[in-house]
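Everything on this sheet refers to the single structure shown next.
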Amino acid sequence: MSNIPPGLETLDYSFPGQRPAGAFAPVLVGVVGSGNLEVLLEPVSGTRCDIHIETSARGFGAIWEAVARDFHLRHPLAGVRVSVNDMGATPAVVSLRLDQAVSELAP
Amino acid sequence: MTVNISVSYAECSARDRLARLVDEGSFHEWLPPSERVTSPHLAQLGVPSAFDDGVAVGRATLAGRTVFIAAQEGEFMGGGVGEVHGAKLVGLLRRALRDRPNAVLLLAESGGVRLHEANAGLIAVSEVMRALLDVRAAGIPVVMLIGGANGCFGGMGIVARCADWVVMSDMGRLAMSGPEVIEASHGVDEFDARDRALVWRTTGGKHRWLSGDCDVLVEDDVAAFRAAAIAALDASAPVTLERLEAEHALLVTRLQLLPDAVDGDEAMALWARLGVADAARVPDLDVAAVRALRKS
Amino acid sequence: MDRMNWNTKADNRAARLARVAVALGAQRTGKRVATEAIVPLLEAALEPGDRVCLEGNNQKQADFLARSLLQLDPQRVHGLHMVQSVLALPEHLDIFENGIAGRLDFSFSGPQGARLAKLVSAGQIEIGAIHTYLELFARYFVDLTPKIALVAAQAADAQGNLYTGPNTEDTPAIVEATAFSGGIVIAQVNEWVDGKTTTLPRVDIPADWVDFVVVAPRPNFIEPLFTRDPAQISEIQVLMAMMAIKGIYAEYGVQRLNHGIGFDTAAIELLLPTYAESLGLKGKICRHWALNPHPALIPAIEAGWVESVHSFGSELGMEDYIRARSDVFFTGRDGSLRSNRAFCQAAGHYACDLFIGSTLQIDLDGNSSTATLGRISGFGGAPNMGADARGRRHASPTWLKAGHEARANRSGAAGTPRGQKLVVQMVETFREHMQPAFVERLDAWTLQEQAGMELPPIMIYGEDVTHILTEEGIANLLLCRSDVEREQAIRGVAGYTAVGLGRDHRMVENLRDRGVIRRPQDMGIDPREATRNLLAARSMRDLVRASGGLYSPPERFRNW
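So, in structure tokens, the structure goes:
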């Protein structure tokens with residue numbers, strides 16, 4: 000991992016959504032602590048689901064992509080921006096927080 | 000076995016604590032996460048930011064009365080106060096001077112200055128102290144609620160003692176220097192930071208209650224903190240010359256209570272000198288029993 | 000070589016005792032030896048090349064005897080062959096560095112694992128073999144019989160009877176093997192009772208088996224290894240515990256079991272009175288345990304789940320609670336716990352129907368290992384429980400069900416009807432620092448090369464593993480009928496590790512349809528329900544309260 004530049008790693012993924020999320024107040028779950036992350040869900044115009052990640056655990060892009068993809072398969076939301084601040088959470092915790100955030104959307 | 004009915008204050012996140020403490024649904028947040036008012040310093044150090052820089056501030060009602068409230072997230076950077084975090088607290092306090100709520104509640108959980116932000120963090124904490132003292136002088140009680148797992152240390156410990164009123168649970172801790180710092184500076188024989196029972200005897204809520212450094216001792220329970228916060232809404236105690244001199248007298252007395260060399264545990268020796276009967280049993284007693292031990 | 004003398008052991012023993020008598024003179028009264036005379040005692044009693052068992056148990060250590068051994072003159076006593084369960088203290092390895100000892104047979108070396116590896120590669124220690132506890136005890140009666148046993152007890156009386164109390168642990172096995180093969184037994188004790196004003200609470204080791212007793216300057220070291228602070232249990236561990244209870248314990252009706260040490264299993268213990276209760280499982284699972292007195296089990300005991308617990312050792316702080324719950328624990332007529340590692344290991348092997356524990360690495364055959372490069376840590380006791388008891392065994396519903404799943408549609412020897420013990424490996428797919436728990440090749444293979452071992456130090460063999468449980472679900476290996484199926488079943492619960500990402504998605508879906516792989520949802524579990532609020536105790540103080548104040552945690556665990 001020596002050719003990864005120092006500092007936070009930024010990752011972005013975007014998927015075509017199917018289920019319009021509609022208007023909602025921003026949702027925040029989780030805390031940026033060691034092995035943990037926070038997830039902010041906000042409505043955006045358009046039909047995509049945009050995921051933006053900033054993480055201190057560098058070099059795990061392939062795993063983040065797989066996690067993001069599976070998340071979108073579970074919840075194909077449209078018109079949503081997902082923003083993540085991560086401090087080395089395992090994929091299990093990441094998936095859990097993403098699902099927790101979505102469950103706060105349901106009326 | 001019954002399911003847990005009480006909600007542990009220490010277990011809750013800052014936002015959870017805040018939401019459960021105030022009247023349901025009454026919290027209105029200023030500078031919420033979606034506005035991304037975050038630290039200008041952490042990214043260049045490779046450290047992730049938090050959308051709210053580790054503190055939620057806003058307005059709410061408590062038993063129907065308007066309060067301003069802030070809750071520090073102890074899991075983020077140990078609750079350390081950075082430039083933005085401190086500015087949010089200062090802004091809350093200055094706004095209190097303008098809007099005159101019934102009280103300002105600080106749900107403190109912090110290691111003090113966020114060292115990553117160096118001087119910006121130091122300045123931030125000192126500005127919080129000044130702003131707090133202004134609010135106190137204006138007759139608006141500033142109430143500290145201390146009960147998180149990380150305690151209230153460093154500059155925030157000093158902030159706490161600038162407030163009108165301090166509520167602690169027995170699991171909470173309040174001090175200036177942290178246990179690891181004391182051990183690193185003075186050696187493990189002087190202070191063994193891994194002896195958690197010792198750490199709590201010297202910085203925990205029971206000790207602070209018995210020594211007079213906190214005003215209320217409660218169980219680790221959100222409902223208990225809420226009740227204590229409501230009772231504190233009229234606890235305004237502006238700093239006067241009389242109060243300062245009484246505080247000095249109390250500190251002089253306390254300083255003279257213990258000899259230089261103490262046999263056995265020093266905290267227990269101090270409690271015994273303060274008139275606590277059977278001081279050795281204090282760590283095992285529950286909150287109600289410890290409350291009854293303090294001479295007013 | 001005198002072929003007519005069949006009493007060489009007795010003669011040798013008499014010679015050693017005579018040397019001791021001469022060397023100690025007035026410093027010995029009956030079996031009691033003055034504390035200051037420990038080094039002359041050892042130098043007189045030991046001979047070069049002796050096989051010595053120094054009691055390094057999992058918890059209790061004969062630390063005074065270990066330090067004293069280190070003070071011997073290597074010219075007089077050298078080349079000792081150490082046989083001991085655990086290398087816990089620095090002194091256990093120091094004696095190899097200065098030549099007092101040369102060869103080692105042991106079971107576990109946890110804290111000394113890195114140093115042991117260095118000494119091995121420097122040629123200062125020759126390792127005979129690494130064992131599990133029960134195996135090592137077994138060899139004490141076959142080909143590793145100790146000549147000298149250096150043990151630790153709580154108290155002795157003037158006759159030399161020993162009280163070993165809650166932390167009896169390995170002592171009975173060690174002393175029996177040594178005493179009944181002409182060996183010499185030396186015990187360090189914390190206190191001496193005169194037999195008149197004070198007596199032993201009970202006799203754990205009879206005086207006949209003991210040769211010398213010395214009062215140690217400080218009480219012997221005991222480590223609280225099995226205390227887990229509930230405050231550190233994570234949501235993911237709660238989720239896995241829910242799956243263990245609903246997906247395995249309930250499915251197979253597990254009444255008799257052993258939990259390996261860890262936060263994962265502590266989470267299971269703490270979910271019994273809450274989550275398992277809500278599923279109506281009380282009385283249907285978890286009544287009989289081979290288990291150390293885990294504080295995390297207190298809420299379940301208080302709620303009436305537990306009928307019996309037999310223990311390998313004790314746990315600091317639990318003594319009063321155990322006394323007050325004599326219906327559940329094995330206690331003497333004096334009221335204190337009697338533990339016995341050898342018997343408890345046997346109980347875990349033959350009388351339990353399930354083992355569940357964690358590990359560091361699992362490969363595609365289901366082999367698991369805690370071996371890491373640069374450390375030789377050994378095995379401890381887990382493999383005794385984490386293995387099928389392959390011979391003839393009595394039937395139980397759980398054992399029969401597992402065996403039926405494994406053998407259905409098989410013929411010949413592999414299809415002969417019999418049961419099987421449930422051996423569950425419970426692990427998060429990523430460990431700390433994003434180290435994957437699932438790997439193509441265990442570090443154990445590299446360690447074998449590095450340390451020159453005959454076999455890779457695999458802890459639990461894949462052939463014995465019946466289920467692998469991760470946050471992604473449960474793979475039931477009993478239902479796999481080929482190596483390919485087994486590999487995909489493992490990949491199917493390996494999450495986002497490289498092993499998991501390398502799965503054949505179609506095959507994994509097929510395995511899921513067949514119930515070989517079950518996801519939380521398949522078991523009716525919503526991961527979002529897995530919160531810490533389900534735990535019957537969420538802090539050390541909750542445990543103390545649940546025990547009615549009887550449990551007294553060691554200082555390092557208290558935060559009030």
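Those protein sequence lines, which keep their order, are chains A, B and C. For the first sequence, numbering that gives the first Met the number 0 begins at 0 and goes up steadily by one. For the second sequence, numbering that gives the first Met the number 0 begins at 0 and goes up steadily by one. For the third sequence, numbering that gives the first Met the number 0 begins at 0 and goes up steadily by one. Cβ atoms here follow ideal geometry from the backbone N, Cα and C, with glycine treated the same way.
Exercise for the section: Rounded to whole angstroms, what's the CA-CA distance from C/Ala323 to C/Ser233? Just pull it up for me. Expected result: Translated into the one-based positions of the third sequence, residue 323 of chain C becomes position 324. Translated into the one-based positions of the third sequence, residue 233 of chain C becomes position 234. Rounded to the nearest angstrom, the two C-alpha atoms are 31 Å apart.
Handout entry: DSSP beta-bridge partners of C/Trp191
Key = Locating residue 191 of chain C in the third sequence gives position 192, where the first residue counts as 1. Note: C/Trp191 sits in a beta bridge opposite C/Ala155.
Handout entry: C/Tyr320: first and last residue of the uninterrupted beta strand (DSSP E) it sits in
Key = Taking the first residue of the third sequence as position 1, residue 320 of chain C is located at position 321. That residue, C/Tyr320, is in no beta strand (DSSP E); its alpha helix (DSSP H) goes 318–322.
Handout entry: Cβ shell of B/Val112 (< 7 Å), same chain only, five flanking positions each side left out
Key = In the second sequence, residue 112 of chain B corresponds to position 113, counting from 1. These residues qualify, in order along the chain: Gly79, Val80, Gly120, Leu121, Val124, Gly153, Gly154.
Practice task
Under the assumption that C/Pro519 contacts C/Leu238 (Cβ atoms under 8 Å), give the Cβ distance between them as a whole number of angstroms.
Solution key: Mapped onto the third sequence, residue 519 of chain C falls at position 520. Mapped onto the third sequence, residue 238 of chain C falls at position 239. 7 Å between Cβ atoms; contact.
Handout entry: Pair within 8 Å by beta-carbon distance, C/Met241 and C/Ala529
Key = By one-based count along the third sequence, residue 241 of chain C stands at place 242. By one-based count along the third sequence, residue 529 of chain C stands at place 530. It is a contact, given that the beta carbons lie within the stated cut-off.
Problem - Partner residues on chain B for A/Leu39, Cβ-Cβ distance less than 9 Å - result: Sequence index remark: in the first sequence, residue 39 of chain A carries index 40 (1-based). Result: Pro32, Ser33, Arg35, Phe50.
Problem - Under 7 Å from the C-beta of B/Phe75: neighbouring residues of chain A - result: Along the second sequence, one-based indexing puts residue 75 of chain B at 76. What B/Phe75 touches in chain A: Val30, Val31, Gly32.
Practice task
Reducing DSSP to helix, strand and coil, say where B/Val281 ends up.
Solution key: Looking up residue 281 of chain B in the second sequence gives position 282. Note: B/Val281 maps to helix in three-state DSSP.
Practice task
Counting only the same chain and skipping the five closest in sequence on each side, list residues whose C-beta sits under 6 Å from that of C/Asp387.
Solution key: Taking the first residue of the third sequence as position 1, residue 387 of chain C is located at position 388. Closer than 6 Å at Cβ, skipping near neighbours: Gln419, Lys420, Asp463.
Handout entry: Touching by the beta-carbon criterion (3+ pairs, under 8 Å), the stretch 464–471 of chain C and the stretch 420–431 of chain C
Key = yes
Practice task
Name the two residues that bound the continuous beta strand (DSSP E) containing C/Cys285.
Solution key: Position 286 of the third sequence, counted from the first residue, corresponds to residue 285 of chain C. Run containing C/Cys285: none; DSSP gives neither H nor E here.
Practice task
For B/Arg193, go through chain C and note every residue whose CB falls closer than 8 Å to its CB, in chain order.
Solution key: As a position in the second sequence, residue 193 of chain B is number 194, starting the count at 1. Against B/Arg193, the close residues of chain C are Arg555, in the order they occur along the chain (beta-carbon pairs closer than 8 Å).
Problem - Backbone secondary structure at A/Ser1 - three-state DSSP - result: As a working mapping, residue 1 of chain A is identified with position 2 in the first sequence. Per-residue confidence for A/Ser1 stands at a pLDDT of 49, beneath the threshold of 50, marking its modelled position as unreliable; no derived number is given.
Exercise for the section: Under 6 Å Cβ to Cβ from C/Leu64, same chain only, skipping five residues before and after it: list those, please. Expected result: By 1-based counting over the third sequence, the position of residue 64 of chain C is 65. Excluding positions up to five away in sequence, the list reads Leu149, Gln187.
Practice task
Identify the contact partners of C/Phe429 in chain A, using a Cβ-Cβ distance below 8 Å as the criterion.
Solution key: In the third sequence, residue 429 of chain C corresponds to position 430, counting from 1. Going along chain A in sequence order, the residues near C/Phe429 (Cβ under 8 Å) are Thr89, Pro90, Ala91.
Exercise for the section: Step through the CB atoms of chain B and report whether any lies within less than 8 Å of the CB of A/Met0. Expected result: For the purposes of this step, residue 0 of chain A is taken as the residue at position 1 of the first sequence. In this predicted model, A/Met0 has a pLDDT of only 45, less than 50, meaning its place in the structure is not dependable; the value taken from the coordinates is given anyway. Not closer than 8 Å to any Cβ of chain B, the Cβ of A/Met0 fails to qualify, so no.
Exercise for the section: Please confirm if the stretch 288–304 of chain C is in contact with the stretch 29–43 of chain C, defined as three or more CB-CB distances below 8 Å between the two stretches. Expected result: no
Practice task
Express the C-alpha separation of B/Cys213 and B/Lys294 in angstroms, rounding to a whole number.
Solution key: For the purposes of this step, residue 294 of chain B is taken as the residue at position 295 of the second sequence. For the purposes of this step, residue 213 of chain B is taken as the residue at position 214 of the second sequence. Spanning the two alpha carbons is a distance of roughly 13 Å.
Exercise for the section: Taking only the alpha-carbon atoms, compute the straight-line gap between C/Glu484 and C/Thr371 and give it to the nearest angstrom. Expected result: As a working note, residue 484 of chain C is residue 485 in the third sequence. As a working note, residue 371 of chain C is residue 372 in the third sequence. For C/Glu484 and C/Thr371, the distance between alpha carbons rounds to 28 Å.
Problem - C/Arg502 beta carbon less than 8 Å from that of C/Arg517 - result: On the third sequence, residue 517 of chain C is found 518 positions in, with the first residue counted as 1. On the third sequence, residue 502 of chain C is found 503 positions in, with the first residue counted as 1. Cβ distance not < 8 Å, so C/Arg517 and C/Arg502 don't count as in contact.
Practice task
Please indicate yes or no: does the CB of B/Trp29 lie closer than 7 Å to some heavy atom of the ligand ZN?
Solution key: The ligand ZN is not among the ligands present in this structure, which contains no ligands whatsoever.
Handout entry: Classification of B/Asp283 by the beta-carbon crowding that lies within 10 angstroms, buried from 16 upward
Key = Your numbering for residue 283 of chain B matches position 284 in the second sequence. Burial call: exposed.
Practice task
Please confirm whether C/Tyr325 and C/Gly334 have their CB atoms less than 8 Å apart.
Solution key: Against the third sequence, residue 325 of chain C aligns to sequence position 326. Against the third sequence, residue 334 of chain C aligns to sequence position 335. The identity of residue 325 of chain C in the sequence shown is Ser, whereas the question assumes Tyr. Yes, the Cβ-Cβ distance between C/Ser325 and C/Gly334 is below 8 Å.
Practice task
For B/Arg280, count neighbouring C-beta atoms within 10 Å of its own C-beta (all shown protein chains included) and say buried if the count is 16 or more, exposed if not.
Solution key: Numbered from 1 along the second sequence, position 281 holds the residue referred to as residue 280 of chain B. Flag for B/Arg280 reads exposed.
Handout entry: Closer than 9 Å at the beta carbon, the chain C residues around B/Met155
Key = Taking the second sequence and counting its residues from 1, the one referred to as residue 155 of chain B is at position 156. Ordered by position in chain C, no residue passes the 9 Å Cβ test against B/Met155, which lies about 19 Å from the chain.
Practice task
In the DSSP assignment, find the alpha helix (DSSP H) that holds B/Gly153 and state where it starts and stops.
Solution key: Position 154 of the second sequence holds residue 153 of chain B. Taken as a continuous stretch (DSSP letters only), the alpha helix (DSSP H) holding B/Gly153 covers 153–161.
Exercise for the section: Kindly list, in the order they appear in chain A, the residues whose Cβ is closer than 7 Å to that of B/Pro47. Expected result: The count along the second sequence starts at 1 and reaches residue 47 of chain B at position 48. Chain A residues near B/Pro47: Leu7, Val31, Glu53, Thr54, Ser55, Asn84, Asp85, Met86.
Problem - Alpha carbon of B/Met0 to alpha carbon of B/Leu132, nearest angstrom - result: Translated into positions along the second sequence, residue 0 of chain B becomes position 1. Translated into positions along the second sequence, residue 132 of chain B becomes position 133. With a pLDDT of 39 at B/Met0, under the threshold of 50, the predicted position of this residue should be treated as unreliable, though the coordinate-derived value follows. Rounded to whole angstroms, B/Met0 to B/Leu132 spans 48 Å at the Cα level.
Practice task
Using a Cβ cut-off of 9 Å, pull out every chain C residue sitting near B/Met170, in sequence order please.
Solution key: Within the second sequence, numbered from 1, the residue matching residue 170 of chain B stands at position 171. Ser538, Arg540, Asn558, Trp559, listed in chain order.
Practice task
Report the residue ranges of all alpha helix (DSSP H) runs contained in full by the stretch 52–116 of chain C; include only those spanning at least 4 residues, in chain order.
Solution key: 62–69, 89–96
Practice task
Identify, in the order they occur along the chain, each residue of the same chain with its Cβ nearer than 6 Å to the Cβ of C/Arg531, setting aside the five sequence neighbours on each side.
Solution key: One-based indexing of the third sequence puts residue 531 of chain C at position 532. The answer, listed in chain order, is Arg537.
Exercise for the section: Measuring alpha carbon to alpha carbon, tell me which of C/Gln74, C/Arg75, C/Ala116 ends up nearest C/Leu92. Expected result: As a position in the third sequence, residue 92 of chain C is number 93, starting the count at 1. Nearest option by C-alpha distance: C/Ala116.
Problem - Per-residue contacts from C/Glu234 into chain A (C-beta, under 8 Å) - result: As a first step, residue 234 of chain C must be located in the third sequence, where it is residue number 235. Going along chain A in sequence order, the residues near C/Glu234 (Cβ under 8 Å) are Val92, Leu95.
Handout entry: Any chain C beta carbon closer than 8 Å to B/Trp199
Key = The residue given as residue 199 of chain B occupies position 200 in the second sequence. Closer than 8 Å to some Cβ of chain C, the Cβ of B/Trp199 qualifies, so yes.
Practice task
Identify whether B/Cys11 lies in helix, strand or coil by the three-state DSSP scheme.
Solution key: In the second sequence, the residue the question calls residue 11 of chain B occupies position 12. Three-state result, B/Cys11: coil.
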